Amino acid sequence: MDKNQGIIEFLAMSGILPLAVFVLLILGGIAFVLLVIFVVSKSKTDSKSRQDDNEFQKLETYYDPRLPERSCPNCSSSIRKGKVVCGSCGKLDSSVIST
109 MDKNQGIIEF LAMSGILPLA VFVLLILGGI AFVLLVIFVV SKSKTDSKSR
159 QDDNEFQKLE TYYDPRLPER SCPNCSSSIR KGKVVCGSCG KLDSSVIST
């Protein structure tokens with residue numbers, strides 16, 4: 109007789125086997141719920157990074173009257189007064205961004 113088979117027979121005869129199976133099912137369910145929570149939180153992070161891209165698109169329409177007309181450091185075109193994005197190349201003027 110195999111050692112593992114003897115343990116399983118002992119658990120079955122004593123009535124602990126159904127309890128052990130129940131505990132394993134509960135632990136498996138908890139692991140599944142934690143996995144689902146992890147996947148959902150990861151997808152929220154991905155959608156948040158997509159929103160960050162939309163914030164850069166909003167800068168195209170941003171207007172600040174305090175910003176003077178200046179030349180674009182990328183294409184040497186002029187950036188209109190109050191704008192932060194070059195109208196020619198579409199690049200963000202890094203001189204007006206504070207970190």
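If you read the sequence shown in this note's numbering, its first letter stands for residue 109, the second for the next number, and so on.
From the three backbone atoms N, C-alpha and C, an ideal C-beta is built for every residue, glycine too.
Keep in mind it's a predicted model, so treat the numbers as computed, not measured.
Cβ distance (whole Å) where residue i is taken to contact residue j below 8 Å
i: Leu175; j: Lys199; result: Actually they are not in contact, since the Cβ atoms of Leu175 and Lys199 sit about 15 Å apart, beyond 8 Å.
i: Ser202; j: Cys183; result: With 8 Å as the limit, Ser202 and Cys183 do not qualify as a contact, their Cβ atoms being about 14 Å apart.
N-terminal and C-terminal residue of the alpha helix (DSSP H) that residue i is part of
i: Ser122; result: 111 to 122
8 Å Cβ shell around residue i - same chain, five flanking residues per side excluded
i: Leu119; result: Leu125, Ala128
Neighbourhood of residue i by C-beta, 7 Å cutoff - its chain only, sequence neighbours within 5 removed
i: Lys189; result: Leu175, Pro176, Glu177
Close-in-space but distant-in-sequence residues of the same chain around residue i (CB under 6 Å, 5 per side omitted)
i: Leu135; result: none
i: Tyr171; result: Gly190
i: Cys180; result: Ile187, Cys194
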